[in-house]
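Q: Here's a structure for you.
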Amino acid sequence: MYCIEQRNEPRWKTIRHWIVRQINSGEWPETMKLPSIRALSRMFDTSVTTVQRALGDLESSCYIRAEPRTGYFVAAKTQAVPADETGFASVAVNVNHAVVAMLSRAGRLKSASLSSAVLHDDLIPHTLLKKCLSAVADRYDSLLTGFIPPPGLPDLRRRLAALMLTRGVVCGPDDILITSGDTIGLELALEAVAPQGGVVAIEMPTYYGMLQIIERLGMRALPIRTHPRTGMDVDHLEEALKHQQITAIYLNPTLQNPQGFIMPDDARARLSRLAHTAGIPIIEDDIFFDLTPGKTRPRALKSLAAGSRTLYCSSFSKTIAPGYRVGWCVPGDYRDAILAQMFARNLSVSSLAQQVLNVFLERGYLERHGARLQDKLAAVRDYLDILVRTEFPEGSSYIPPAGGFIHWVVLPANTDMSALASLAEQQGCHIAGSGIFFPDDRQNTTVRLCLGSALSPGMKLNLKILCACAHQAVIAGATSAGRTRPRR
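According to UniProt numbering, the stretch in the sequence shown is residues 1 to 488, in order.
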């Protein structure tokens, strides 16, 4: 057992600090394989889960990298995003091919997809939407079939301005642009604030849609250490600003996709002050806000110090009607630049969808529907939490999010992820690799589960199937590692 000085901190952090010292001192050089999880567990006389948490944090910080079936290795300095040295390197993003392949496959499959981040039919408020559609039809006018140019339907923008007050943001209808979903809003925002070749600070892992945008626009990503419970590490961002010319900061601080955390208010305030002082715009992706229970709802970054330079993007796609593709952006200082893009690219939004959602908000349906969603999705989360703790392979970990339907499950380091995907598909479940949430499409043993449905027998069966497949994939990984282990 390894003896170290006692610190007033969680044990996993002690293990993490010790490994960082080994790397920074040169004791563990680049590409060296780390001791196994069980060896570290014995070394520190602690549980496998504690070691897993330390290694997961180190991987997020890019100190180490995981190789399926093999173990953990010290990351090369060209990959690392160290907190204790000055080697902050941006990276070229390379995920688009993997994302397109994943989405294309999910769209073709008739079996259950656990990789598509959309509400299932059973949670879409069909009855309420039909009432709104009927009301719109009753007062039929040219707006239903006519062209509504940017910035969008005035009545809807007025109601969105009122909605933004619940998120701590004071704005008027003219401050809001209606967009064709959240991702289009993010693309418009990034194109307005950062030039080709610009460096975008991101959470890691982060939403693959933004990585695709960064790749498509010819920009570079600077991964910032991100804690699975509290989000982007502001200390690490502050240090990065000393060594990199960052042109924008992107984050999804509320029910983050894919890890599900909510960034604390004090960290949000500090990040906003930091960006304000540095004159760097923030792109705030807040698409899951309405899935957050009321008692845990934070203030939007847009409401804080850097508000005028914070571009706020959201949508109804994850909460009301995925097919309507209606979102909005509150771009602050960048309104004219984005509006010009919208006119140049003819980015208008369906007049009928805007009218229906306007009535939905007018009648106060959003709050009622949101409460129902929160209850239904909480039952799914609680079921998954128990399943991971009691039936998944030893060494698996899961931090239940406060709300929403995005879940990030960390499997043991020796899990054969290719075998897992194949085994699950044979049983009628589609999962996708989680490399698409990292700018370099890195291999890892995490799974993002999108469970946008009520807790039904079918949902339970699919999760049980995934659990059984995970056990088989761990065995496959261990077997493969045993075959490739060199003889002594």
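Ideal placement from N, C-alpha and C gives every residue a C-beta, glycine not left out.
1. Beta-carbon within less than 7 Å of ARG38's beta-carbon, same chain only, minus the 5 sequence neighbours each way: which residues are those?
2. List, from N- to C-terminal side, the alpha helix (DSSP H) runs of 4 residues or more that fit wholly inside the stretch 19 to 74.
3. Determine, using beta carbons only, whether GLY146 and GLN354 come nearer to each other than 8 Å.
4. Give the DSSP-derived three-state secondary structure of THR230 in the structure shown.
5. For TYR158 and ASP265, what's the separation of their Cα atoms in angstroms?
6. Taking 8 Å as the limit between beta carbons, can you name the residues of its chain near ILE15, skipping five residues before and five after?
7. CA-CA distance, VAL170 and LYS302?
8. Secondary structure at ILE215, three-state DSSP: helix, strand or coil?
9. Do VAL410 and GLY56 come within 8 Å of each other at the CB atom, strictly closer than that value?
10. Counting C-beta neighbours from all protein chains within 10 Å, is the total for GLU27 16 or more, i.e. buried, or is it exposed?
11. Going by DSSP, what residue range makes up the beta strand (DSSP E) through GLU203?
12. Among ASP122, TYR207, THR183 and ALA75, which residue has its Cα nearest to the Cα of ILE406?
13. Rounded to whole angstroms, what's the CA-CA distance from TYR398 to ASP385? Just pull it up for me.
14. Within 10 Å of its beta-carbon, does THR31 have 16 or more other beta-carbons around it, so buried, or fewer, so exposed?
15. Please report the residue range of the alpha helix (DSSP H) in which THR277 lies.
16. Thinking C-alpha only, which one of ILE320, PHE343, LEU387 and VAL99 is nearest HIS126?
17. Keeping to the same chain, check which residues put their C-beta closer than 6 Å to that of LEU96; ignore five residues upstream and five downstream.
18. State the CB to CB distance for the pair LEU114 and ILE475, rounded to an integer number of angstroms; the pair is presumed to be in contact (CB under 8 Å).
19. On a CA-only basis, which of THR415, LEU377 and GLN196 is nearest PHE392? Give me that one, please.
20. Whose CA, out of GLN244, GLN259 and LEU377, lies closest to the CA of LEU251?
21. For residue 548, which residues from the same chain have a beta carbon less than 6 Å from its beta carbon, with the 5 sequence-adjacent residues on both sides left out?
22. Would you kindly work out how many angstroms separate the C-alpha atoms of LEU347 and ASN444, rounded to a whole number?
23. To the nearest whole angstrom, what separates the beta carbons of residue 489 and ALA305, a pair I think is in contact under 8 Å?
A: Considering the structure as presented:
1. Locating residue 38 in the sequence shown gives position 38, where the first residue counts as 1. For ARG38, where only same-chain residues beyond five positions count, the Cβ hits under 7 Å are VAL48.
2. With a minimum length of 4 residues, the continuous alpha helix (DSSP H) runs that stay inside the stretch 19 to 74 are 37 to 43 and 48 to 60.
3. Within the sequence shown, the letter at position 146 stands for residue 146. Within the sequence shown, the letter at position 354 stands for residue 354. In this structure, GLN354 does not lie closer than 8 Å to GLY146 by Cβ.
4. Translated into positions along the sequence shown, residue 230 becomes position 230. Of the three classes helix, strand and coil, the one that applies to THR230 here is coil, per DSSP.
5. Taking the first residue of the sequence shown as position 1, residue 158 is located at position 158. Taking the first residue of the sequence shown as position 1, residue 265 is located at position 265. Here the sequence assigns Arg to residue 158, which means Tyr is not the residue at that position. Distance between the alpha carbons of ARG158 and ASP265: 27 Å.
6. Taking the sequence shown and counting its residues from 1, one reaches residue 15 at position 15. Excluding its 5 nearest sequence neighbours in each direction, ILE15 has C-beta neighbours in its own chain below 8 Å: LEU40, PHE44, THR46, THR50, VAL51 and ALA54, listed in chain order.
7. Position 170 of the sequence shown, counted from the start, is the residue given in the question as residue 170. Position 302 of the sequence shown, counted from the start, is the residue given in the question as residue 302. Taking the straight line from one Cα to the other gives about 9 Å.
8. Stepping through the sequence shown from its first residue, residue 215 is reached at position 215. Contrary to the premise, residue 215 reads as Glu rather than Ile in this sequence. In this structure, GLU215 counts as helix in the three-state DSSP scheme.
9. Here the question's residue 56 lines up with position 56 in the sequence shown. Here the question's residue 410 lines up with position 410 in the sequence shown. Their beta carbons are under 8 Å apart, which means GLY56 touches VAL410 by this criterion.
10. As a working note, residue 27 is residue 27 in the sequence shown. Exposed, since its Cβ has fewer than 16 Cβ neighbours within 10 Å.
11. Working through the sequence shown from its first residue, we reach residue 203 at position 203. 199 to 203 is the extent of the beta strand (DSSP E) around GLU203.
12. Within the sequence shown, the letter at position 406 stands for residue 406. That would be TYR207, whose Cα lies nearest to the Cα of ILE406.
13. As a first step, residue 398 is located in the sequence shown; it is residue number 398 there, counting from the start. As a first step, residue 385 is located in the sequence shown; it is residue number 385 there, counting from the start. If you take the alpha carbons of TYR398 and ASP385, they lie about 7 Å apart.
14. On the sequence shown, residue 31 is found 31 positions in, with the first residue counted as 1. The residue in question, THR31, is exposed, as its Cβ has fewer than 16 Cβ neighbours within 10 Å.
15. Here residue 277 is taken as the residue at index 277 of the sequence shown, counted from 1. 265 to 278 is the extent of the alpha helix (DSSP H) around THR277.
16. In the sequence shown, counting from the first residue as 1, residue 126 sits at position 126. The candidate whose alpha carbon is nearest that of HIS126 is ILE320.
17. In the sequence shown, counting from the first residue as 1, residue 96 sits at position 96. Residue identity check: residue 96 is Asn in the sequence provided, not Leu. Contacts found: GLN212 and GLU215.
18. Position 114 of the sequence shown holds residue 114. Position 475 of the sequence shown holds residue 475. Not quite, the Cβ-Cβ distance comes to about 21 Å (not below 8 Å), so this is no contact.
19. By 1-based counting over the sequence shown, the position of residue 392 is 392. The shortest Cα separation from PHE392 among THR415, LEU377 and GLN196 belongs to THR415.
20. Against the sequence shown, residue 251 aligns to sequence position 251. Among GLN244, GLN259 and LEU377, the Cα nearest to that of LEU251 is on GLN259.
21. One cannot answer for residue 548 here, as it falls past the ends of the chain, which runs 1 to 488.
22. Position 347 of the sequence shown, counted from the start, is the residue given in the question as residue 347. Position 444 of the sequence shown, counted from the start, is the residue given in the question as residue 444. The straight-line gap from Cα to Cα measures roughly 37 Å.
23. An answer regarding residue 489 cannot be provided, because it is not within the stretch 1 to 488 covered by the chain.
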